[in-house]
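The block underneath contains the structure these notes are about, expressed in C-alpha cells.
There are 2 protein chains.
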Amino acid sequence: MSDEKHTGAAAARQILEMNAFDARARTSNVNPLLERRLANAGAASVLFYREPIEIVSARGSWLTAADGQRYLDFYNNVQSVGHAHPRVVAAVSDQIARLNINTRYLNRVVDDYLEALKAKFPPALSNVVLTCSGSEANDLAVRIAEAASGGAGIIVTENAYHGNTAIISAISPSAMKRRDLANHVVAVPAPAAAEPGGSISDAFAASMTQAIEELERRGHTLAAFVCDSIFSSDGIYAGPPGFLQRAIAQVHAAGGLYIADEVQPGFARTGDAFWGFARHGVTPDIVTMGKPMGNGFPMAGLATRPDLLERFCEDTGYFNTFGGNPVAAAAGQAVLDVIETEQLQENARKQGAHIRDRIRDLAAQDERIVAVRGAGLFIGIELCRADLASNVINGLKTRGVLIGAAGRMGNTLKVRPPLTSTADEADLFADRVSETLRASA
Amino acid sequence: MSDEKHTGAAAARQILEMNAFDARARTSNVNPLLERRLANAGAASVLFYREPIEIVSARGSWLTAADGQRYLDFYNNVQSVGHAHPRVVAAVSDQIARLNINTRYLNRVVDDYLEALKAKFPPALSNVVLTCSGSEANDLAVRIAEAASGGAGIIVTENAYHGNTAIISAISPSAMKRRDLANHVVAVPAPAAAEPGGSISDAFAASMTQAIEELERRGHTLAAFVCDSIFSSDGIYAGPPGFLQRAIAQVHAAGGLYIADEVQPGFARTGDAFWGFARHGVTPDIVTMGKPMGNGFPMAGLATRPDLLERFCEDTGYFNTFGGNPVAAAAGQAVLDVIETEQLQENARKQGAHIRDRIRDLAAQDERIVAVRGAGLFIGIELCRADLASNVINGLKTRGVLIGAAGRMGNTLKVRPPLTSTADEADLFADRVSETLRASA
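The listed protein sequences derive, respectively, from chains A and B. Using numbering that gives the first Met the number 0, you'd call the opening residue of the first sequence number 0 and step up by one each time. Using numbering that gives the first Met the number 0, you'd call the opening residue of the second sequence number 0 and step up by one each time.
Set out below in C-alpha cells:
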C-alpha cells in the first residue's frame, strides 16, 4: 500500500492542473479583476479554467457572466436546489431581519429544523451538532471516533477529499501536493478495481482487510473508515448499491466506526435515496454533511449516537459560534421543504437516468467514452485520456456549459446539475457534450 | 509550568459551571423547548443560565424572549454593530437573491471587500484567505506557522480559547475538561501577574523566555505564539498598551511567528484601534479574525504575508467551499461601512470609558469589586469571588441584562455591549449592576 500514497498525491496534482487556472500560464489578455484576485488572495487563489470567468448573477441552473454570456451550471453541488431559490432567499432574508444568535440561547426555529433533519436519519443517530463547514463536521467526527475507539487509525480511499482542517487535510490524499499520508492513515483503492468476473463488493472488502491489517502492523487501533459513498473525487463509483456492506461489517468487527461523509452525495442528489449511505443499506455511526445543506448559506453538521457524542464531550467542550444559528436553520429548513415539495429526489433520479442514457448513446458511437457512471444527478463520464477530459471541459465552457473533473488520473468528467434541472437542460447538456467531443481531438 | 496545565483545565470547568445551564440540576419547571434541545443536541447542548432563555427576536442592543421579557445584550460580540442592523440585513438579502457562489469564479463583490479589509492591515499583510469560522482561520494559521518555521511548538496563555478544531482545541486550555496540554504546547500566565512595583511588560516577557526555553527543553522548534491581545478568556487584560512588544520580539528572535487572534478584540471593539494588536504597536505575521466580521453571517479569515502563504500552499492545496462567497463579502463590507459611517470605534472608546467610570464609582463604595479593566467596549469587572460573579450574572439576567464570565477562576464579569450602544444603555447597565450587587451576598 505504501506506493499508493504517492500516486494519490500525483493524481491530485493532475486534477488541479487540468481544470484550474494557472497564474504562470496566463495569457496576454490582461483581466484586471483576475490580477486583483491574485494580489488579494495570493497562493490561495484557486480559480477554474484557463481563462477564469467573472460571474455577476445566477438563477436556477444558470449563471450570468460579466460579459453577458450565460452558463448552464452542471458542476455546482452547493446551490443544489438551484441558484437563488426564492424560498431559500426568503427564509434567510426573513430570519436575518428577525434574529441571528448562537445556540447558547433556546430558539424554536433551530429545534424545528433539528427535528426535521433527524427525521431523515436512522433513529439511532438522534444527536445533531451543527457546524459551519463540512470540514468542521469531519474534524469533529474523527475526534468522536478517536474517543470511542481509543485509537487513531483512519482508512480513506486513495483520492479522497474530506476537507481542509489540519487533521482532515491529513486524511484527504487529493489535497496533498507533496506530502505523504501520515503513518496513522491508510488509503484503499476506490471500488473500481474488480477483477474481470469478480465483484466490486469482494474487491472492496479485500482492500479493507488489507488496510485493517496494515494499520495493525503499524501499531494503530482503527478509529474509523471515512467514506464518501459516491466516491466523488475518486472518480464517482456509485454501484452496485450494497457493495459497501461487507467492508463496513469488517470495519465494525475491527472496532472502528463508519463515518459516512455525505457532504457530496447527501440531500437527495443520488435519486435512489436521501443519503448516499442509504443506497448501500448500511447504517453509519456518524454522518457528516455540508455543501447543499443550506443551498449556499454556510452551514454543515453531523448526526451521531448520543453515547458517542457524550464520550467525546467528557474530554473536550465543543461549541460552535455560528453553527446552528437560526438563519442557518431557516435556510436548512427551506432546503428540506423545497426537496420535498418539488419532489427533487425523484427529479434527480429521472433527469440523471435521462442524462446517462443520452451519454451512453454517444458512447455507442464514440469509443473515447470509456464508461458512464453515477446515481441520480451525480454523474461520472470516464474518457480515455486526461487531456481529452481537459479539452472537453474547456470546450463545454466555450459552449456555455460548466462541469468539472474527477478521478485519480483526472480523466472522468464530473457532472452535478442542480436537482431542479429540467429535461430541456439535460438535453442541452447532452447536445453540447456531443458537439464538443466531435470538435475535440 | 507543568502544574499550570491542570489548573487551566480546572478553571475552565469552573467557568463552564458558573454561567452554564446544567442538565443534571434542572428544576421541576419543565420547559418543553429545553427538553427538545437536550434530545436533539445531546451532550453538545451548551446553554447559558440556570434557566435557559428562549429568544424570538432582536434589534440593536435588545433581545426579546418568548415570554415578552426584553434583555439588554451586553455579552454578544458577534452581532457587534447591533442585532439585525438594517444595512447588514439589506446587504445579505440583496446579494443572496443575486448570487452566492464559490471563489473558483471571479466576482467583483469579493475583491472589493478583500481590498477594503486589507486597507485595515499593515501593508505587509497583503494576502487574505476567507474561511467560515475563526476556528478554521486559526487552524490554517497554525499550519502556515508550522510550514514557515519547520517546527510545531506553540505558546498560548493559560486560559486561552482559540477555537474548536482538533489542533486548535489542543492549544485552547479553556476548552479542555480533563485532557492535559500536548507536549508541543506551553501555556504562559495571562499578563496580570506583575510583582508589586514590577511592570506587566517585564513579567510577560519573562514568562515568554521561560516558555521558549521549555519548548527547547522538550525538543520543539517554536512555530508560533498565538495570542488574543485582549486576553478575553484569561480575564480581559488590556493594558498598558504596548506591553506585548518585548514578548513578541522574543518570539521573533526565537524564529516563531506571532499569530494575532483578533476574533475577540478585532473590528473596532477596543476603541483605541481597529485591531487589538495595533493598541500594542506590534505587527503580526498572521492575523486571524471571525465573530463580528459579518455581524453574525458565518464568515472569518486570516491576513498574512504572501511568502508565508505561498510556503504553506506548496505542500497543501487550500480551498474553502463557503469561504469568500459574495454574500459573506457583502455582509463583511456592510459591517466595515457601518463601523465607519456610524463612527463606532469612537463610540466604543467613549461608551466604554463611561461604563468603566460608572463601575469604578461603584467600586469606590463596594470593595467586592476588585478591579475594572478593559479597552473600549471590551470590559472586565473582577469581583472578589466566583460565586458572587455567578450570582451577579444571574441577578442581572433577572433584571433584564445579559453578560458573561471570564478568567481562570471565573470571577471576572465579561461585558461586551454592541458597538452601537448608547449612553442611556450604558447607564441602565451600570444602574442594574449597582442594584444587583446591593441584592447579592
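Where is the CB? At the ideal position from N, CA and C, for every residue including glycine.
Cβ contact annotation for B/Phe203 (same chain, cutoff 8 Å, sequence separation greater than five): Val187, Pro190, Phe242, Leu243, Arg245 and Ala246, in chain order. For B/Arg437, the number of other beta carbons within 10 angstroms of its own is below 16, and it is reported as exposed.
In the structure shown, B/Lys117 falls within a helical segment according to DSSP collapsed to helix, strand and coil.
Where A/Leu98 is concerned, there is no enclosing alpha helix (DSSP H), because DSSP gives it neither an H nor an E. The beta carbon of B/Thr164 sits closer than 8 Å to some beta carbon of chain A. A residue is called buried when at least 16 other Cβ atoms come within 10 angstroms of its Cβ; A/Gln364 does not meet this threshold and is exposed.
Comparing alpha-carbon positions, the option among A/Leu256, A/Asn346 and A/Trp274 lying closest to A/Pro264 turns out to be A/Trp274. By the C-beta density criterion, B/Gly196 is exposed, having fewer than 16 other C-beta atoms within 10 angstroms. Rounded to the nearest whole angstrom, the C-alpha separation of A/Thr320 and B/Ala422 is 28 Å. Checking the DSSP bridge columns, you'll see B/Tyr257 partnered with B/Phe224.
Around A/Asn393, no beta-carbon contact reaches into chain B at under 7 Å, the shortest distance being about 14 Å.
Each of B/Ala64, B/Asp21, B/Leu113 and B/Arg69 was checked against the Cα of B/Thr303, and the nearest Cα belongs to B/Leu113.
Classified as buried, A/Ser171 has 16 or more neighbouring CB atoms from the shown chains inside 10 Å of its CB. In this structure, A/Leu71 lies near A/Glu424, with their beta-carbon atoms less than 8 Å apart.
Residue burial annotation: B/Asp271 is buried, with at least 16 other C-beta atoms found within 10 angstroms of its C-beta. Apart from the 5 residues on each side of it in sequence, B/Val369 sits with its Cβ closer than 7 Å to the Cβ of Glu381, Leu382 and Cys383 in its chain, given in chain order. In the structure shown, B/His353 adopts helical secondary structure according to DSSP, grouped into three states.
In this structure, A/Ile258 and A/Pro283 form a Cβ contact; the two beta carbons are roughly 7 Å apart against a cut-off of 8 Å. By the Cβ neighbour-count rule, B/Ser168 is buried, with 16 or more other Cβ atoms within 10 Å of its own. A distance of 8 Å or more separates the beta carbons of A/Asn324 and A/Gln78. For A/Met288, the enclosing beta strand (DSSP E) starts and ends at Ile285 to Met288. Bounds of the alpha helix (DSSP H) holding B/Phe203 are Ile199 to Arg216. Using a Cβ distance threshold of 8 Å, B/Ala388 and B/Ala404 count as a contacting pair.
Sixteen is the threshold: since fewer than 16 other Cβ atoms of the shown chains lie within 10 Å of the Cβ of B/Asp356, the residue is exposed. Beta-bridge pairing by DSSP links B/Trp61 to B/Arg58 and B/Leu71. For A/Glu135, the C-beta contacts it makes with chain B under 8 Å involve Cys131, Ser132, Ser134, Glu135, Asn163 and Thr164, in order along the chain.
Per DSSP, the unbroken beta strand (DSSP E) holding B/Ile378 starts and ends at Phe377 to Leu382. Of A/Ala43, A/Val55 and A/Val88, the smallest CA-CA separation from A/Gly67 is found for A/Val55. At least 8 Å separates the beta-carbon of B/Arg359 from that of B/Asn75. Distance from the CA atom of A/Gly394 to the CA atom of A/Pro51, rounded to whole angstroms, is 14 Å.
Secondary structure note for B/Leu180: it is in no alpha helix (DSSP H), with a DSSP letter that is neither H nor E. Residue burial is scored here from C-beta neighbours: A/Thr340 has fewer than 16 other C-beta atoms within 10 angstroms and is therefore classed as exposed. Only residues of its own chain outside the window of five on either side were considered, and among them Val286, Ala302, Thr303 and Arg304 have a CB closer than 7 Å to the CB of A/Leu124, listed in chain order. For B/Ser232, no chain A residue has a C-beta closer than 7 Å to its own C-beta; the minimum C-beta separation is roughly 12 Å. If you check the CB distance, B/Ala328 and B/Val88 do not come in under 8 Å. For B/Val391, the enclosing alpha helix (DSSP H) stretches over residues Ala385 to Thr397.
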